[in-house]
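K.L.:
The following block contains the structure, expressed as structure tokens.
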Amino acid sequence: MLLKTLLNRVHPVKGFIYGKIKLVEDVLVPNGMRLEVQLRSRAGSRGICSGCGKAGGTYDHLPSRGFDFVPLWGIAVMLVYALWRIDCRACGVKVERVPWCDPGSKSPMTTALMVFLARWARLLSWWQVATMFAVSWESVYRAVEHVVAYGLKHRDLSGIGAIGVDEVAHAKGHKYLTLVYQLDGPCRRLLHISRGRSVKGLLGFFCMLKRAGIDYAKTIQFVCSDMWKAYLKVIAKKLPEALHILDRFHIVANLSKALDQVRAEEARKLSRQGWDVLKRSRWLLLRRRKRLNGRQRFKLRQILQWDLRTVRAYILVESLQALWEYRSPKHAGQFLDAWCRQVMRSRLEPLKKVAKSLRKHRELILNWYRAKKLYNCGIVEGLNLQVKLRFRKAFGFRTFPALEVALYHQLGHLPEPELAHKFC
Ligand SMILES: [Zn+2]
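Number 353 in this note's numbering belongs to position 342 of the sequence shown; there are no gaps in the numbering.
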């Protein structure tokens, strides 16, 4: 069988013919050789203008140019073609459009190669992909960027019923990203990324939906978020009808933080007095009791015997766990009120601060029961965890655009450019 037959099968190009194929020695590519595949346009077919997409008269040829294609058996493959310049009535003299790469693209990569590299880039770090296929990091980035741009343009944004809004720190020094996810049943994907945690960033998400012709106020019924003011403000304004749920994860996280503050202060005070009962107690107190082993439980019980501020705080925090067992928002509300009253009398300032914010956002917390616990933001945290893993795995995402591209690529479930053949 001829290579040409194979090429026609895996990568047919309408209006063009595969010509001569030769093996060229090239020290710059892996294994020292490269397959060069000549392409020419079918006789009588007219060139397509890259400006308007209409057929036009040919003007002249540009010199032959190489387009990198998917490697075969570790051998680099290059399509070689001399582009026509088209004398277009509407656009003037323009370069012709060819089906193996993007209209007007100056990239030396074919679409097939870009999709190929981008698929690998979902599994490996970009550096690993670059090394494996002997291309530059920049090429992998361009490939992923191209596939993501296509995906964002062609994705379907209809039928979004539930969203989660969350922030994630992406660099040292409190640099945040605001992420919006779709949380409809199995359809969980990243919808939008913006820099910082501002009103403007989140508004960008709604602008995007509006541009896509989505009537979000009608379709989005559930929103999960934390208590960040800017988010609350935008959600109240843009989705007044939606059920806004403050999620359990953030409440528990805030309480743990408050408990830890009480513990740290007291531990310092006690150790100054020469008593180290709270030494190395941090994880004993912060971890759920179920997850402690025998020895740790024993040590925890010993601590709990003492009349300490930390112990009182611990017991209060533990007792709030019962809140999540309720079924009706009314009873949960009564429990929450009673709990807050108790905390407010406790003279434990960090906890009082949390209780105050819980009181303030009482209705949003109870919406969790009204949503029948369906849209618990644990889902959001799960997605955020993936984002953080991506940060760690990805070397060289120092710029925001690269980071953005990587996250959409990984978590956006975006459609890919269609190819006749799956190369990987
Ligand atoms: Zn044109």
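Even glycine gets a Cβ: it sits at the ideal position worked out from N, Cα and C.
Using the beta-carbon count (16 or more within 10 Å), is Val2 buried or exposed?
P.N.:
The structure shown does not extend to residue 2, since the chain is modelled only from 12 through 435, so no value can be given for it.
K.L.:
Check the C-beta distance from Arg293 over to Arg274 and give it rounded, since I have them as a contact under 8 Å.
P.N.:
For the purposes of this step, residue 293 is identified with residue 282 of the sequence shown, where counting begins at 1. For the purposes of this step, residue 274 is identified with residue 263 of the sequence shown, where counting begins at 1. The Cβ separation is near 7 Å, so the contact holds.
K.L.:
Given this structure, state the Cα-to-Cα distance separating Phe461 from Leu190, to the nearest angstrom.
P.N.:
With the chain represented from 12 up to 435, any question about residue 461 goes unanswered, as that position is not in the structure.
K.L.:
Short check: CB of Tyr11 to CB of Ala343, under 9 Å?
P.N.:
This structure leaves residue 11 out entirely; the chain is present only between 12 and 435.
K.L.:
So, is Lys433 buried or exposed, given that buried needs 16 or more other C-beta atoms within 10 angstroms?
P.N.:
Position 422 of the sequence shown, counted from the start, is the residue given in the question as residue 433. Burial call: exposed.
K.L.:
Kindly indicate which three-state DSSP category Tyr70 falls into: helix, strand or coil?
P.N.:
The count along the sequence shown starts at 1 and reaches residue 70 at position 59. Note: Tyr70 maps to strand in three-state DSSP.
K.L.:
Report all residues for which the CB-ligand distance to some heavy atom of ligand 1 is below 6 Å; order them along the chain.
P.N.:
Counting only heavy atoms of ligand 1, the residues whose C-beta sits closer than 6 Å to one of them are, along the chain, Cys60, Gly62, Cys63, Lys65, Cys99, Ala101, Cys102, Lys105.
K.L.:
Hey, is the stretch 263-272 in contact with the stretch 344-356, meaning 3+ C-beta pairs nearer than 8 Å?
P.N.:
Result no; under three Cβ-Cβ pairs closer than 8 Å.
K.L.:
Which of the three DSSP states is assigned to Lys33 in this structure?
P.N.:
Indexing the sequence shown from 1 puts residue 33 at position 22. It is a strand residue.
K.L.:
Among all the DSSP beta bridges, which residues are the ones paired with Val179?
P.N.:
Taking the sequence shown and counting its residues from 1, the one referred to as residue 179 is at position 168. Its beta-bridge partners are Leu188.
K.L.:
Where does Asp348 fall in DSSP's three states?
P.N.:
For this step, residue 348 is matched to residue 337 along the sequence shown. Correct three-state label for Asp348: helix.
K.L.:
Can you give the beta carbon distance from Ser75 to Val88, rounded, assuming they're within the 8 Å contact cut?
P.N.:
Mapped onto the sequence shown, residue 75 falls at position 64. Mapped onto the sequence shown, residue 88 falls at position 77. Ser75 to Val88, Cβ: 16 Å. No contact.
K.L.:
With His424 as the anchor, note down where its beta strand (DSSP E) starts and where it stops.
P.N.:
Reading the sequence shown from its first residue, position 413 is the one you call residue 424. Here His424 belongs to no beta strand (DSSP E), and DSSP marks it neither H nor E.
K.L.:
Starting from the C-beta of Ser61, find all residues in its chain whose C-beta is less than 7 Å away, skip the five residues before and the five after it, and write them out in chain order.
P.N.:
Numbered from 1 along the sequence shown, position 50 holds the residue referred to as residue 61. The residues are Lys105, Val106, Glu107, Arg108, Pro114, Gly115.
K.L.:
Got a sec? Which residues, its chain only, sit under 6 Å from Gln307 by beta carbon, not counting five neighbours each side?
P.N.:
Here residue 307 corresponds to residue number 296 of the sequence shown, with the count starting at 1. Excluding sequence neighbours, Gln307 sits near Leu295.
K.L.:
If you compare alpha carbons, which of Leu46, Arg100, Arg53 is closest to Gly26?
P.N.:
For the purposes of this step, residue 26 is taken as residue 15 along the sequence shown, with counting starting at 1. Taking only the C-alpha atoms, the option nearest Gly26 is Arg53.
K.L.:
I need the DSSP call for Arg308, collapsed to helix, strand or coil.
P.N.:
On the sequence shown, position 297 is the one that residue 308 refers to. Of the three classes helix, strand and coil, the one that applies to Arg308 here is helix, per DSSP.
K.L.:
Do Trp95 and ligand 2 come close, with the Cβ less than 8 Å from some heavy atom?
P.N.:
For ligand 2, the structure offers nothing, since it holds only ligand 1.
K.L.:
Using the three-state DSSP reduction, which class does Gln397 fall into: helix, strand or coil?
P.N.:
As a position in the sequence shown, residue 397 is number 386, starting the count at 1. Three-state result, Gln397: helix.
K.L.:
Measure the CB-CB distance between Val176 and Leu135 and report whether it falls below 9 Å.
P.N.:
Within the sequence shown, residue 176 is the residue found at index 165, counting from 1. Within the sequence shown, residue 135 is the residue found at index 124, counting from 1. No. Outside cutoff.
K.L.:
With burial defined as no fewer than 16 other Cβ atoms inside 10 Å of the residue's Cβ, what is the status of Glu156: buried or exposed?
P.N.:
Residue 156 sits at position 145 when you count from the first residue of the sequence shown. Glu156 comes out buried.
K.L.:
If we count Cβ pairs, one from each stretch, closer than 8 Å, do we get three or more for the stretch 281-291 versus the stretch 221-237?
P.N.:
no
K.L.:
Enumerate in chain order the residues of its own chain whose CB-to-CB distance from Gly85 is below 7 Å, with the five nearest sequence positions on each side excluded.
P.N.:
Locating residue 85 in the sequence shown gives position 74, counting from the first residue. Once the five neighbours on either side are set aside, the close Cβ partners of Gly85 are Pro41, Asn42.
K.L.:
Would you list the residues sitting across from Cys102 in a DSSP beta bridge?
P.N.:
Within the sequence shown, residue 102 is the residue found at index 91, counting from 1. Note: Cys102 sits in no beta bridge, so no partner.
K.L.:
Drop a sphere of 10 angstroms on the beta-carbon of Ser205, count the other beta-carbons inside from all chains shown, and report buried for 16 or more, exposed for fewer.
P.N.:
Taking the sequence shown and counting its residues from 1, one reaches residue 205 at position 194. The residue in question, Ser205, is buried, as its Cβ has 16 or more Cβ neighbours within 10 Å.
K.L.:
Within its chain, find whatever has a CB closer than 6 Å to the CB of Tyr161; leave out the 5 residues flanking it on each side and keep chain order.
P.N.:
Locating residue 161 in the sequence shown gives position 150, where the first residue counts as 1. Taken in chain order, the residues that qualify are Pro428.
K.L.:
Under three-state DSSP, which class holds Phe80?
P.N.:
As a working mapping, residue 80 is identified with position 69 in the sequence shown. Strand at Phe80.
K.L.:
Am I right that Met24 and Trp111 are in contact with their C-beta atoms under 8 Å? What's the rounded C-beta distance?
P.N.:
What you label residue 24 is simply residue 13 of the sequence shown in a count that begins at 1. What you label residue 111 is simply residue 100 of the sequence shown in a count that begins at 1. The question names Met, yet the displayed sequence has Val at residue 24. Contact holds; Cβ gap of about 6 Å.
K.L.:
Residue range of the beta strand (DSSP E) that Leu50 falls in?
P.N.:
Locating residue 50 in the sequence shown gives position 39, where the first residue counts as 1. Here the beta strand (DSSP E) through Leu50 covers 44-52.
K.L.:
Would you kindly work out how many angstroms separate the C-alpha atoms of Arg100 and Leu124, rounded to a whole number?
P.N.:
Locating residue 100 in the sequence shown gives position 89, where the first residue counts as 1. Locating residue 124 in the sequence shown gives position 113, where the first residue counts as 1. Roughly 33 Å between the two C-alpha positions.
K.L.:
Beta-carbon separation of Leu422 and Leu201 under 9 Å?
P.N.:
Working through the sequence shown from its first residue, we reach residue 422 at position 411. Working through the sequence shown from its first residue, we reach residue 201 at position 190. Yes, these two residues count as a Cβ contact at 9 Å.
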